[in-house]
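Scroll down for the structure; my scribbles are underneath it.
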Amino acid sequence: MVSNATFLARAVKLAENGIEKGDGPFGAVVVRNGKIISESTNMVVQSNDPTAHAEILAIRSAAKKIGTHNLCDCILYASCEPCPMCLGAIYWSGISTVFYAADRKDAASAGFNDKFIYDEISLPAEMRHIKFNKLKEVDGKDPFRMWDRFENKIPY
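To get the numbering used here, take the position in the sequence shown, counting from 1, and add 146.
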């Protein structure tokens, strides 16, 4: 059986490979039943996509490969502690366990400081640096009412 350290070392190697390709120093591996089912490097720069973090791309690929959005029987190995966006994706995907090598302080010292985002998340919308405006003239509750009545919904 392959050890957690072996899978995590693979994520770190992917991060190194990502740097050589001109992207950020992040790598991620998704494992199911002791086997790698997807892996990725950070591809933000080469894809011009700010959401193309290694963890997000590996989660997308894993979900597509196994044919479900629910990855509750998967483990994520990340070269670094996942950022707030990736953390959200991990929770939404149902991944059961995460192992990481470097932490958010290591990332911050290399110029990837997520503290600002963590701080912003806890603020009420009206106090954030980015303006969030809820327009009361438009009722956004209808889709949720429809969802409540929809008989064939697949909860997630």
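For glycine and all other residues, C-beta sits at the position ideal for the given N, C-alpha and C.
Flag this pair as yes or no: are the beta carbons of residue i and residue j separated by less than 8 Å?
i	j	result
residue 203	residue 186	yes
residue 223	residue 174	yes
residue 178	residue 205	no
residue 104	residue 230	Because the chain is modelled from 147 through 302, residue 104 falls outside the range shown and cannot be assessed.
Taking the straight line between their C-alpha atoms, what separation do you get for residue i and residue j?
i	j	result
residue 277	residue 270	11 Å
residue 207	residue 292	30 Å
residue 263	residue 157	24 Å
residue 254	residue 159	20 Å
residue 279	residue 148	49 Å
residue 267	residue 193	26 Å
residue 298	residue 198	31 Å
residue 166	residue 257	18 Å
residue 285	residue 296	19 Å
residue 247	residue 287	42 Å
residue 233	residue 151	21 Å
Which partner residues does residue i have in the DSSP bridge list?
i	result
residue 222	176, 244
residue 185	175
Can you tell me whether residue i is buried or exposed? The criterion is at least 16 other CB atoms within 10 Å of its CB, across all chains shown.
i	result
residue 172	buried
residue 301	exposed
residue 169	buried
residue 153	buried
residue 164	buried
residue 273	exposed
residue 162	exposed
Do residue i and the ligand NAP come close, with the Cβ less than 7 Å from some heavy atom?
i	result
residue 196	The ligand NAP is not among the ligands present in this structure, which contains no ligands whatsoever.
- Message: Quick check: the segment 240–251 against the segment 209–220, are at least 3 beta-carbon pairs closer than 8 Å?
- Response: They touch, by the three-pair rule.
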